[in-house]
Amino acid sequence: KSFLQKLWKGNVSSKMLTPRLQKARREYLRANKLGVNFNGKQNSRKLNPQELLCVLKDRAQVKTLDGKDAPFSSLGWEKYFPKIALNKLYPHGFSTCAVVSSAGAILNSSLGAEIDSHDAVLRFNSAPTRNYEKDVGNKTTLRIINSQILTNPNHHFTDSSLYKDVTLIAWDPSPYYADLHMWYHKPDYNLFPPYEKHRKRNPDQPFYILHPKFTWELWKIIQENSNEKIQPNPPSSGFIGILIMMSMCRTVHVYEYIPSYRQTDLCHYHEQYYDAACTLGAYHPLLYEKMLIQRINQGTEDNLLRKGKVILPGFSSIHC
Ligand code: C5P
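Counting along the sequence shown from 1, when you hit position 44 you're at 142 in this note's numbering, and nothing is skipped either side.
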């Protein structure tokens, strides 16, 4: 069986990666730049899908900064964060939602119309829709952006239409002991000044910063349910986004996160850059994230093969 077929069945390990990606994982483990000290336990028994869903529903509760905690409270930041919390922004939730990964494999998928038929669509970072409508659709309801989007001038965060008329959710890797003081003074990329500036100019646009506790809680759930040591870095925007949508939607359809038969080393559908790490992980524990998502997939294997599509129940549809 090919690696891809094994991934669809959820039977892969880091040993099946290329030596370069195995080495990258080992080096991130050795460097442990964010000071991860996992003292939870790896589940001795493999949880069944329903048990896994219940763990996620119970623990993966979306948390964003609200300015009430130090240092933000004493810095007078409460006024910059949106008054309506993210979990209250869409009070009725959505019926069906699409999460669109940025993988090159979505090219030539003709999934655009299907994606746009959902009630809400989540996209990532600088992934465009213009000129790619046929494959990725053109509706965007929410966009998750990492701190590099806000700080790297190449992304034109202030001017680009990609970041207008959508709900924005930004995040940045914090040290494992998510002390907000430490993180505020030493973020990976300093997203705070551009965030403040954007909020002053666009006070009506819903724009949140994820609390690092949320991303590390997701990391712990992945580690507890993997049988290897996972990279000691936060999960990818894709995994974070899937969990956010599970809290807002009754059903979540995820496209080309677990690759279809179109799998390619093309990193993003909108860029000429080839690297298998984008799909299988170097910095992010992507392989393990994807195996976890594969385990809770309620869609058919045919959907996975042809569309790279996983179907997940939202938290409101899970009864624990
Ligand atoms: O690269 P970027 O983080 O902007 O891509 C958005 C998300 O899409 C990733 O976090 C990852 O979850 C997913 N992705 C993927 N395979 C790729 C590229 C992106 O699974 N080749």
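Glycine included, C-beta positions come from ideal geometry on N, C-alpha and C.
Is it the case that the Cβ atoms of residue 310 and residue 268 are separated by a distance below 8 angstroms?
-> For this step, residue 310 is matched to residue 212 along the sequence shown. For this step, residue 268 is matched to residue 170 along the sequence shown. Residue 310 is not a Cβ neighbour of residue 268, given a cutoff of 8 angstroms.
Under 7 angstroms Cβ to Cβ from residue 179, same chain only, skipping five residues before and after it: list those, please.
-> Locating residue 179 in the sequence shown gives position 81, counting from the first residue. Taking C-beta separations shorter than 7 angstroms and ignoring five residues to either side along the sequence, the partners of residue 179 in its chain run 163, 164, 165, following chain order.
Where the beta strand (DSSP E) containing residue 327 begins and where it ends | Taking the sequence shown and counting its residues from 1, the one referred to as residue 327 is at position 229. No beta strand (DSSP E) contains residue 327, which DSSP labels as neither H nor E.
Could you check the C-alpha separation between residue 116 and residue 263 for me, to the nearest Å?
-> Within the sequence shown, residue 116 is the residue found at index 18, counting from 1. Within the sequence shown, residue 263 is the residue found at index 165, counting from 1. Whole-angstrom Cα-Cα distance: 41 angstroms.
Between residue 214 and residue 181, which are expected to be in contact by the criterion C-beta below 8 angstroms, what is the C-beta distance as a whole number of angstroms?
-> Taking the sequence shown and counting its residues from 1, one reaches residue 214 at position 116. Taking the sequence shown and counting its residues from 1, one reaches residue 181 at position 83. Not quite, the Cβ-Cβ distance comes to about 30 angstroms (not below 8 angstroms), so this is no contact.
What is the residue span of the beta strand (DSSP E) that residue 185 lies within?
-> Locating residue 185 in the sequence shown gives position 87, where the first residue counts as 1. Segment 184-187 is the alpha helix (DSSP H) holding residue 185; no beta strand (DSSP E) there.
Coil, strand or helix - residue 252 by DSSP = As a working mapping, residue 252 is identified with position 154 in the sequence shown. Annotated three-state conformation of residue 252 is helix, per DSSP.
Ligand 1 heavy atom lying under 7 angstroms from the CB of residue 309 | Locating residue 309 in the sequence shown gives position 211, counting from the first residue. No, Cβ of residue 309 sits at least 7 angstroms from all heavy atoms of ligand 1.
Checking contacts by CB at 8 angstroms: is residue 228 closer than that to chain B?
-> No chain B appears in this structure, which consists of one protein chain only.
Enclosing beta strand (DSSP E) for residue 377 [first to last residue] = Numbered from its first residue, the sequence shown carries residue 377 at position 279. From DSSP, residue 377 is part of no beta strand (DSSP E) but of the alpha helix (DSSP H) over 375-378.
May I have the straight-line CA-CA distance separating residue 332 from residue 231, to the nearest angstrom?
-> For the purposes of this step, residue 332 is identified with residue 234 of the sequence shown, where counting begins at 1. For the purposes of this step, residue 231 is identified with residue 133 of the sequence shown, where counting begins at 1. Taking the CA atoms as reference points, residue 332 sits about 30 angstroms from residue 231.
According to DSSP, what are the bridge partners of residue 407?
-> Position 309 of the sequence shown, counting from 1, holds the residue named residue 407. Answer is 353.
Buried or exposed: residue 125, going by 16 or more other Cβ atoms within 10 Å of its Cβ?
-> Stepping through the sequence shown from its first residue, residue 125 is reached at position 27. Exposed is the label assigned to residue 125, since fewer than 16 other Cβ atoms lie within 10 Å of its Cβ.
With DSSP collapsed to three states, give me the class of residue 153.
-> Residue numbering aside, residue 153 sits at position 55 when the sequence shown is read from its first letter. The answer is helix: DSSP assigns residue 153 an H, G or I state.
With a 10 Å radius around its C-beta and 16 neighbouring C-beta atoms as the bar for buried, classify residue 239 as buried or exposed.
-> As a position in the sequence shown, residue 239 is number 141, starting the count at 1. Buried, because 16 or more other Cβ atoms sit within 10 Å of the Cβ of residue 239.
Every unbroken alpha helix (DSSP H) within the region 160-201, with a cutoff of 4 residues, ordered by chain | For the region 160-201, whole alpha helix (DSSP H) runs of length 4 or above, ordered along the chain, are 184-187.
Consult DSSP for residue 348 and reduce its assignment to one of helix, strand or coil.
-> Start at 1 with the first residue of the sequence shown, and residue 348 comes out as number 250. Strand, per DSSP.
Have a look at residue 209 and residue 401 and give me their C-alpha separation to the nearest angstrom.
-> Within the sequence shown, numbered from 1, the residue matching residue 209 stands at position 111. Within the sequence shown, numbered from 1, the residue matching residue 401 stands at position 303. Approximately 12 angstroms between the Cα atoms of the pair.
Range covered by the alpha helix (DSSP H) that runs through residue 386 | As a first step, residue 386 is located in the sequence shown; it is residue number 288 there, counting from the start. Membership of residue 386 in the alpha helix (DSSP H) is indicated by the continuous run 384-393.
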